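Undergrad: Submitted below is the structure of interest, expressed as structure tokens.
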Amino acid sequence: MGDVRRVYVEKRPGFDVLAGGIKKDLCENLGKNILALRMLYRYDVEGMQDEEFNKALNSVFSEPAVDEIFLEDFVYSDGDKVFAVEYLPGQYDQHADSAAQCVQLLTQGILPNVHVARVYVLSGQLTDSDMEDIKSYIINPVDSREASFEKPESLEMTYDIPKDVMILEGFCSLDKDGIRDMHKDLGLAMHVDDLAFCQKYFQSEDRDPSITEIRVIDTYWSDHCRHTTFFN
């Protein structure tokens, strides 16, 4: 795909409404003494030629009238506290996906790899404990994590393939109490009766299911998903 390019984008003073709102939120709800807060979007981009990248800088990644752009790195004061937040691997990032699709429309070429992180720069008398509180408040561990500032050599994602997938041995022979206990142990969203219904299916298959099969069924059996997955 080519080298990874990095660009930081920050709203100009007067247009940095989001950063101002975050600062107010942290001061009011956490009681932190934050004198100033900057927020930048960091784009790591792979799969673009120089001309394409330069064209996208002021049309996809930024709006020249309201944004400042910084290539590869940006400047901040010595006393500032800086951290970045990114989505967990595999988590859908609409911001990054939209940017990649806009680049493809602009270049009429292949879809580039785009990775986005939000960078926070805080000024004030903030202790390490203060920063831990702020990070815990901003970062939702369900879908996000603190991001490294080291630029990756590639944005291609690699996944470790599990060698063995657990089989729920004895599932097909469980009685009602056993089904109830398994439902509780696995913390399933489906009802106990739903799990019993699954048992009948796997009994007809004459095999015990894998944990993956039960987890997938459990996900798609939710009220939100099953109307479009099972009722059509």
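Counting in our numbering, the sequence shown runs from 544 upward without gaps.
Don't be surprised by glycine CBs; every beta carbon is placed ideally from N, CA and C.
Values in this document were obtained by computation on a predicted structure and should not be read as measured data.
1. How big is the Cα-Cα spacing for residue 699 and residue 616?
2. Please report the residue range of the beta strand (DSSP E) in which residue 656 lies.
3. Return the residue from the list 596, 764 and 715 that minimises the CA-CA distance to residue 753.
4. For a quick check, are the C-beta atoms of residue 553 and residue 611 less than 7 Å apart?
5. Taking the DSSP output, what are the residues bridged to residue 584?
6. Quick check: residue 599 and residue 648, are their CB atoms within less than 7 Å of each other?
7. Take residue 688 as the anchor and find which of 679, 695, 701 and 583 has the nearest alpha-carbon.
8. Check for me: the alpha helix (DSSP H) holding residue 631 runs from which residue to which?
9. To the nearest angstrom, report how far apart residue 614 and residue 550 are at their CA atoms.
10. Please state whether DSSP places residue 714 in a helix, a strand or coil.
11. Among 584, 756, 656 and 603, which has the Cα closest to the Cα of residue 709?
12. Would you mind reading off the limits of the beta strand (DSSP E) that contains residue 611?
13. Based on Cα-Cα distance, which residue from 696, 581 and 724 lies nearest to residue 664?
14. In this structure, does DSSP put residue 596 in helix, strand or coil?
15. If we ignore side chains and look at the alpha-carbon of each, how far apart do residue 558 and residue 684 end up?
16. Kindly indicate which three-state DSSP category residue 747 falls into: helix, strand or coil?
17. Kindly indicate the opening and closing residues of the alpha helix (DSSP H) around residue 675.
TA: The relevant details are as follows:
1. The residue labelled residue 699 in the question sits at position 156 within the sequence shown. The residue labelled residue 616 in the question sits at position 73 within the sequence shown. Straight-line Cα distance between these residues: approximately 22 Å.
2. On the sequence shown, position 113 is the one that residue 656 refers to. Residues 656-666.
3. Working through the sequence shown from its first residue, we reach residue 753 at position 210. Residue 715 is the option with its Cα nearest to residue 753.
4. Within the sequence shown, the letter at position 10 stands for residue 553. Within the sequence shown, the letter at position 68 stands for residue 611. Against a cut-off of 7 Å, the Cβ pair of residue 611 and residue 553 comes out as a contact.
5. As a position in the sequence shown, residue 584 is number 41, starting the count at 1. The partner list for residue 584 (beta bridge, DSSP) reads 552 and 661.
6. Residue 599 sits at position 56 when you count from the first residue of the sequence shown. Residue 648 sits at position 105 when you count from the first residue of the sequence shown. Not closer than 7 Å, so no.
7. Working through the sequence shown from its first residue, we reach residue 688 at position 145. Comparing alpha-carbon positions, the option among 679, 695, 701 and 583 lying closest to residue 688 turns out to be 679.
8. As a first step, residue 631 is located in the sequence shown; it is residue number 88 there, counting from the start. Unbroken run through residue 631: none, as it is neither H nor E.
9. Against the sequence shown, residue 614 aligns to sequence position 71. Against the sequence shown, residue 550 aligns to sequence position 7. A straight line joining the alpha-carbon of residue 614 with that of residue 550 spans about 5 Å.
10. Looking up residue 714 in the sequence shown gives position 171. If DSSP states are grouped into helix, strand and coil, residue 714 belongs with the helices.
11. Translated into positions along the sequence shown, residue 709 becomes position 166. If we check each option's Cα against that of residue 709, 756 comes out closest.
12. Here residue 611 refers to the residue found at position 68 when the sequence shown is read from its first residue. From DSSP, the beta strand (DSSP E) with residue 611 extends over 610-614.
13. The residue given as residue 664 occupies position 121 in the sequence shown. Per the Cα distances, 581.
14. In the sequence shown, the residue the question calls residue 596 occupies position 53. Here residue 596 sits in helix by DSSP.
15. The count along the sequence shown starts at 1 and reaches residue 558 at position 15. The count along the sequence shown starts at 1 and reaches residue 684 at position 141. Across the structure, residue 558 and residue 684 are spaced so that their CA atoms are roughly 29 Å apart.
16. Within the sequence shown, the letter at position 204 stands for residue 747. For residue 747, the three-state secondary structure derived from DSSP is helix.
17. In the sequence shown, residue 675 corresponds to position 132, counting from 1. That run of the alpha helix (DSSP H) goes 671-681.
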